[in-house]
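Residue numbers (this note's numbering), protein chains in the order written: chain X, 1 to 235; chain W, 1001 to 1235.
Here you go:
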């Protein structure tokens, strides 16, 4: 599974362990999004507390993975594909930690809104659908990282446009809703920020997928179009 | 100015050049925020086009600095303080690029709002004040990076709470404003997202300051309180 062939089995094992821990962090972060959105929809505030407690774990994993990357660089002096893999990990965990932050924000806002607000129920459905897409993007980007899967990466980049469209749709609906009934303005603004948080999660998943393409192809595709990315990976 | 003493003058020069280019990127990004907010307040759409054009330069600088960091790691096999400096650059340029993205978003939203909306003038004043603080934080975090200034870093972390308070104040005012006159809802939502973008810029400046503390002290302070940071840097 390593991009570069090298003789040190110990080094291989270290890289493999690093990769496994990134996936573990990613799994936890994915769970955080689900719990936070579930807290919003069901009004189960115990879930909010779980998300807050887990956020410390996410932060700790970021710090510890960053340390591991620096240690491996200092000790192993990696080059080429190995170095790209480690730099990908350094970038990926920053995005994962920020997804974790967004999940924690959603949990905090869920508390403020409360499920008692029946008027907001139709909005919750939209939020759940949008977060379903963002979560799928995250899972797919982590799979792409694990399996060096370029076509999954390109799919995530494309899906991000979908999340952005959903976001704009929710904003438009909320504006109509607020105009029709100004009493809903406060709660609508909270929903708006939750939608924004999910849109950001989509962006972070897209970033991770772009790092994976860099890791595998050695080509930085962060600021190029989806079409160029698809041309790049078909080479 | 180097944290570690080493014999290679060439290596020193490379690190110095790297540092200078980060500061140059930071200067450009700071300018982008100013132009974007100026575009909003004055309704000068030519400024929006400048921001959009410069955003490509910001992106290009990120990609090229990332490449340089990988090249230096592969060739020079840095350790200790030098490696921390390079990892700090890798993280810092990601935050700078994202500040650039937020500036570009502000410029795009400025176009949508248009200065013709006189009702929004008082909000522009608040946005300008808030962006003044965020820009100062960015400048201070870059100065801290250049001069390895820990107390400036701690100041930035503290100032971020100030930006967050300003943000919450603007949100409250916008909600009141929308309730009093629902015709302002659409434009208020745009202003809300602009305020959110500036709040994010403050977060990124705070991140950079925390990396500087890591670079100098070797201690990761990303997820600790301001008080702990102040204790840490006084050691």
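By construction, the Cβ of each residue, glycine as well, lies at the ideal position given by its N, Cα and C atoms. Model, not experiment: these values are computed from the prediction.
Linking residue 1021(W) to residue 1062(W) through their CA atoms gives a straight-line distance of about 10 Å.
Of all C-beta pairs linking the stretch 167-186 of chain X to the stretch 44-62 of chain X, fewer than three are shorter than 8 Å, placing the two stretches out of contact. One finds 182, 185 in chain X with Cβ atoms closer than 7 Å to the Cβ of residue 1179(W), taken in chain order.
The C-beta of residue 1119(W) comes no closer than 8 Å to any C-beta of chain X. At a cut-off of 8 Å between C-beta atoms, residue 1197(W) does not count as an interface residue with respect to chain X. With 16 or more neighbouring CB atoms inside 10 Å of its own CB, residue 204(X) falls in the buried class. Fewer than three Cβ pairs drawn from the stretch 182-190 of chain X and the stretch 124-133 of chain X lie within less than 8 Å of each other, which leaves the two stretches out of contact. Inter-residue distance for residue 1057(W) and residue 43(X) is about 45 Å (C-alpha atoms, whole angstroms). Rounded to whole angstroms, residue 1156(W) and residue 151(X) show a C-alpha spacing of 41 Å. Chain X places a beta carbon closer than 8 Å to that of residue 1059(W), counting this residue as a contact. At least 8 Å separates the beta-carbon of residue 1171(W) from that of residue 1187(W). Taking 8 Å as the cut-off, the beta carbon of residue 1163(W) is found closer than this to the beta carbon of residue 1133(W). As the crow flies, the alpha-carbon of residue 1037(W) is around 32 Å from that of residue 209(X). Excluding sequence positions up to five before and after residue 1161(W), its CB lies less than 6 Å from no other CB in the same chain. For chain W, the residues of the stretch 72-84 of chain X that bring a beta carbon within less than 7 Å of one of its beta carbons are 73, 74, 77, 79, 83, in chain order. Close CB contacts of residue 1200(W) within its chain, under the 7 Å cut and outside five residues either way in sequence, are with 1102 (chain order).
At a cut-off of 8 Å between beta carbons, residue 1213(W) makes no contact with chain X. Under the three-state reduction of DSSP, residue 173(X) is assigned to helix. With respect to chain W, the C-beta atom of residue 191(X) has no partner C-beta closer than 8 Å.
At least 8 Å separates the beta-carbon of residue 85(X) from that of residue 40(X). Boundaries of the alpha helix (DSSP H) around residue 226(X): 226-234. Under the 10 Å beta carbon count, residue 1100(W) is surrounded by 16 or more other beta carbons and is classified as buried. Residue state for residue 1056(W) is assigned as helix, using DSSP reduced to three classes. Within chain X, 90, 94 have C-beta atoms less than 8 Å from the C-beta of residue 1091(W), given in sequence order. Close CB contacts of residue 166(X) within its chain, under the 6 Å cut and outside five residues either way in sequence, are with 130 (chain order). Taken through DSSP and simplified to helix, strand or coil, residue 8(X) comes out as coil. Exclusion of the five residues before and after residue 1198(W) leaves 1130, 1131, 1134 as the residues of its chain whose Cβ lies within less than 6 Å of its Cβ.
Nearest to residue 1010(W) by C-alpha distance, out of 1076(W), 1033(W), 1065(W), 1144(W), is 1076(W). The beta carbon of residue 88(X) lies closer than 8 Å to those of 145, 211, 212, 214, 215 in the same chain, with the five residues before and after it left out. When only Cα atoms are considered, residue 1159(W) and residue 1137(W) end up about 7 Å apart.
Looking at 71(X), 45(X), 227(X), 83(X), the one whose alpha-carbon comes closest to that of residue 1073(W) is 83(X). At a cut-off of 8 Å between C-beta atoms, residue 204(X) does not count as an interface residue with respect to chain W.
Looking from the CA of residue 1046(W), the closest CA among 1193(W), 1081(W), 1111(W) belongs to 1111(W).
Identification of chain X residues near residue 1087(W) by a Cβ-Cβ cut-off of 9 Å yields 66, 69, 70, 73, 90, ordered along the chain. Taken in chain order, the complete alpha helix (DSSP H) segments of 4 residues or longer contained in the stretch 1143-1196 of chain W are 1150-1180. Comparing C-alpha distances from residue 1080(W) to each of 80(X), 224(X), 71(X), 81(X) shows the shortest one belongs to 71(X).
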